[in-house]
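For the sequence shown, position 335 (counting from the first letter as 1) is numbered 334 according to numbering that gives the first Met the number 0, and the numbering increases by one without interruption.
Glycine residues also receive a C-beta, built at the ideal position from the N, C-alpha and C atoms.
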Amino acid sequence: MIHGNVRISIQRSAPRVTLLTRRRLFQLSAALAATAAAPGAALAQSAGGRITQDWSADVAILRSAWETLHPGLYRYSTPEQITARLDGLADAWATPATFRQRFLALSRVTASVQCGHTYPNPYNARAAVRDPLFADRSLVPFRFRWIDSTMVVTHDDEGEGRFPPGTLVTAIDGVTTAELLARLIPLARADGTNVGKQTSLMEVRGEDRFETFDIHLPLVLPVRDSARFTLADGTVVAAPLFTLARRQAGMPAAARPAPDANPWTLTREDDGIARLIMPTWGLYNSTFDWKSWLAGVMDDLTASGARGLIVDLRGNEGGADCGDIILARLIAHDLPMPRDPSWVRYRKAPEALLPHLDTWDRSFFDWGDQAVASDERPGFFRLVRDGDGASNTVIRAEGQRFAGPVAVICDASNSSATFSFCRIVKDNSIATLIGQTTGGNRRGINGGAFAFLRLPTSGIEVDLPLIAGFPNTPQPDAAILPDLDVQMTAQDIALGRDPRMAAATAHILSR
Numbered sequence: 000m001i002h003g004n005v006r007i008s009i010q011r012s013a014p015r016v017t018l019l020t021r022r023r024l025f026q027l028s029a030a031l032a033a034t035a036a037a038p039g040a041a042l043a044q045s046a047g048g049r050i051t052q053d054w055s056a057d058v059a060i061l062r063s064a065w066e067t068l069h070p071g072l073y074r075y076s077t078p079e080q081i082t083a084r085l086d087g088l089a090d091a092w093a094t095p096a097t098f099r100q101r102f103l104a105l106s107r108v109t110a111s112v113q114c115g116h117t118y119p120n121p122y123n124a125r126a127a128v129r130d131p132l133f134a135d136r137s138l139v140p141f142r143f144r145w146i147d148s149t150m151v152v153t154h155d156d157e158g159e160g161r162f163p164p165g166t167l168v169t170a171i172d173g174v175t176t177a178e179l180l181a182r183l184i185p186l187a188r189a190d191g192t193n194v195g196k197q198t199s200l201m202e203v204r205g206e207d208r209f210e211t212f213d214i215h216l217p218l219v220l221p222v223r224d225s226a227r228f229t230l231a232d233g234t235v236v237a238a239p240l241f242t243l244a245r246r247q248a249g250m251p252a253a254a255r256p257a258p259d260a261n262p263w264t265l266t267r268e269d270d271g272i273a274r275l276i277m278p279t280w281g282l283y284n285s286t287f288d289w290k291s292w293l294a295g296v297m298d299d300l301t302a303s304g305a306r307g308l309i310v311d312l313r314g315n316e317g318g319a320d321c322g323d324i325i326l327a328r329l330i331a332h333d334l335p336m337p338r339d340p341s342w343v344r345y346r347k348a349p350e351a352l353l354p355h356l357d358t359w360d361r362s363f364f365d366w367g368d369q370a371v372a373s374d375e376r377p378g379f380f381r382l383v384r385d386g387d388g389a390s391n392t393v394i395r396a397e398g399q400r401f402a403g404p405v406a407v408i409c410d411a412s413n414s415s416a417t418f419s420f421c422r423i424v425k426d427n428s429i430a431t432l433i434g435q436t437t438g439g440n441r442r443g444i445n446g447g448a449f450a451f452l453r454l455p456t457s458g459i460e461v462d463l464p465l466i467a468g469f470p471n472t473p474q475p476d477a478a479i480l481p482d483l484d485v486q487m488t489a490q491d492i493a494l495g496r497d498p499r500m501a502a503a504t505a506h507i508l509s510r
């Protein structure tokens, strides 16, 4: 299924390692976080001022954990670069500073690893650590997308009519949005050099309880209580800022589905096209029988005479291998897929680190004979577990095949299981990708199993992926390009238009 040894079987010869979405990962560790020891006294001392306590011992723990456990630490950086960054973090964490300043220093270092699953995860943080990030009114009173380094409002959360959809915000408190985005990008997690993914994370869409932008804006711009927003026509609008509670109160109901709810939407309009909207594949905690439902939807396409299928994956970072059920009904023959071999840095985690590590499956900390030393990659162990050692995955053709035209709407959010799905679709010409370049990276992704590294002095948690996939052949530092690139404009947002869905529709109707 998602990662580790929990998987979905679709009658394939070797299950792929897939990755968990960041916004759902916290659910697996919630119980662990609730029962773990409280953080040290450092946060209590930080109220209203600077922390004077030396946190550099936490950096030593982070260094040890990364160097012994993180399989992708040197995928994009040299050991010397990582050492220098951690040395700088140790210095910053030994110097009196506010909590936000110290969190900023950590974010720069974790983002520099260029791994989409290595970062201080707010969902896995205890309230005592998370609260200082949202200690005041510092959240912008609207949702927005980035277009050409300008904030384009998609929803006016304030409700006063000052920020209607399509409004272009060009500066906050005199700092241009282009400059703000340039400050924010180096703090955003992404696999490799994927500025599109980083930019996407720094939007406010109403999809997360803890928006990445909301955490990081106060780190690079000390906004509080109210701010002056410069609009494209030169107008300056002074508006109060939001608390986290107010942001979350305005979240769409779809962002908080019930455990048994179907998070997907299937529509069929007069044009005969079936539109499957899938904003998430993070369904491991769901009681909804999604496999049966999705198989039934796909099997019914031919019988019902659907003219075509549009699969909308916008905003979907991944989760379970839901796409395999779709693929199984789009292919005429079994599809053998080359797979990236799985590697780990250790056979057994060091005893000294275990008190600082949480996970939902303690077997991750002792691979035993499943981790095999190999001359192919010195310093690593080849993971041979549940098919991890196989060179190919086979997706079996099954169910009622749909032979009509298919379009997949993709965007920069697609960075885990959805990245893998888009790569299969593109590389095998199974469907037409329409929209925006994906997240993820062809050079491989770190994931498959995770540890939650809890730093004892600061109380901060850092997500730590334990398995890496490395391609057998050299690959570019790049994501998946759509077959048809379709950009959104401010006018589209103002008028409520969806050019990507329109393009997908036109594509199907032209076949």
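C-alpha gap between residue i and residue j, whole angstroms
i      : j      : result
Asp360 : Trp366 : 11 Å
Ser225 : Pro163 : 18 Å
Leu216 : Thr109 : 17 Å
Val58  : Ala89  : 6 Å
Ala489 : Thr153 : 9 Å
Leu308 : Asp270 : 11 Å
Arg125 : Thr266 : 40 Å
Asp339 : Ser291 : 29 Å
Ser419 : Cys321 : 11 Å
Leu494 : Gln486 : 15 Å
Phe212 : Glu206 : 12 Å
Leu252 : Arg208 : The residue asked about is misnamed: residue 252 is Ala in this sequence, not Leu. Cα-Cα distance, rounded: 12 Å.
Arg142 : Asn427 : 37 Å
Arg511 : Ile408 : This structure leaves residue 511 out entirely; the chain is present only between 0 and 510.
Asp476 : Pro121 : 28 Å
Arg496 : Asn284 : 34 Å
Leu243 : Asp156 : 12 Å
Ser55  : Ala83  : 14 Å
Asp232 : Leu167 : 9 Å
Asp172 : Leu220 : 9 Å
Leu300 : Leu334 : 21 Å
Met201 : Thr149 : 12 Å
Ala332 : Pro377 : Checking the sequence, you will find His at residue 332 rather than Ala. His332 and Pro377: Cα-Cα distance of roughly 38 Å.
Arg344 : Leu186 : 26 Å
Asp374 : Arg204 : 46 Å
Thr117 : Ala305 : 42 Å
Thr472 : Trp342 : 15 Å
Val5   : Ala450 : Residue placement at Val5 is poorly supported in this model, since its pLDDT is 28, which falls under 50; the coordinates are not used for a value here.
Trp263 : Arg255 : 13 Å
Thr192 : Leu480 : 14 Å
DSSP beta-bridge partners of residue i
i      : result
Met201 : Answer by DSSP bridge pairing: none, since Met201 is not bridged.
Lys347 : Asp365
Thr264 : Ile276
Leu138 : Phe241
Ala406 : Ile309 and Thr431
Ser341 : Gly468
Cut-off 7 Å between Cβ atoms - residues of its own chain near residue i, not counting five sequence neighbours on either side
i      : result
Thr175 : Thr169
Gln474 : Arg441 and Arg442
Ala502 : Ile433, Leu483 and Val485
CB of residue i within 9 Å of CB of residue j, strictly
i      : j      : result
Gly115 : Arg182 : no
Leu382 : Ala64  : no
Gly71  : Ile444 : yes
Phe287 : Asn261 : yes
Ile433 : Leu356 : no
Ala406 : Ile507 : yes
Pro258 : Arg136 : no
Gly438 : Ser106 : no
Ile272 : Thr504 : yes
Met336 : Val393 : yes
Gly447 : Leu465 : yes
Leu138 : Arg245 : yes
Asp190 : Ser414 : yes
Own chain, CB closer than 6 Å to residue i, minus 5 neighbours either side, in chain order
i      : result
Trp289 : Leu282
Thr229 : Thr169, Ala170 and Val235
Leu133 : Residue 133 is actually Phe in this sequence, not Leu. Correct list, in chain order: Leu243.
Ile492 : Val151, Thr153, Pro164 and Gly165
Leu31  : Here Leu31 scores only 42 on pLDDT, less than 50, and its place in the model should not be relied on; the value that follows carries that caveat. Around Leu31: Asp357.
Gln435 : Asp410 and Ala411
Arg384 : Gln369
Val310 : Leu275 and Val407
Cutoff 8 Å; reference residue i; Cβ partners in own chain excluding five residues on either side
i      : result
Gln247 : Arg208
| field | Every unbroken alpha helix (DSSP H) within the region 416–499, with a cutoff of 4 residues, ordered by chain | value | Runs found: 416–426 and 489–494.
| Which full runs of the alpha helix (DSSP H) of 4+ residues lie inside the region 212–267, going along the chain? | List check, alpha helix (DSSP H) in window: 243–248.
| For the region 84–165, which segments carrying the beta strand (DSSP E) assignment without a break, of at least 3 residues, lie completely within its bounds, in sequence order? | Fully enclosed beta strand (DSSP E) runs of 3 or longer: 141–146 and 149–155.
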